[in-house]
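A quick write-up on the structure given underneath.
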Amino acid sequence: MALNKIFSFFLVAVLALVAMSQGADAATIPSWCNCNNDQTRTKKACSTAGGNYDGSSCGLDHIGKYNAFLMSCSQQNSSYKCWH
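With mature numbering (1 follows the signal peptide of the UniProt record, and there is no 0) applied, the sequence shown corresponds to residues -26 to -1, 1 to 58, in that order.
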């Protein structure tokens, strides 16, 4: 019985953390992004992030790739635009 209570508490705690991490600004994955409509910068950022470059935008299927793409655009002094 005590084990069930501990497990239930643990499950509620994990679900609460997951819910808090999914804020209004959370990225929707998969996403497609570009660096200010600049194909050269987009291709470079996509390659750095490990995304799927299609000739004009970068397909990003993991949050780590998404974050790496945004960082690469920023390092190239470029803004970014993403959609899903």
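Even glycine gets a Cβ: it sits at the ideal position worked out from N, Cα and C.
Check, Outcome
"My output table needs one value for Asn8: the three-state DSSP class, helix, strand or coil.", "strand"
"Gly33 lies in the beta strand (DSSP E); which residues open and close that run?", "Cys32 to Leu34"
"Out of Gly24, Cys32 and Gln13, which has the shortest C-alpha to C-alpha gap to Trp6?", "Cys32"
"Have a look at Trp57, Asn11, Cys20 and Gly29 and flag the residue whose alpha-carbon is nearest the alpha-carbon of Ala42.", "Cys20"
"Which partner residues does Cys20 have in the DSSP bridge list?", "In the DSSP output, where bridge partners are listed per residue, Cys20 has none listed."
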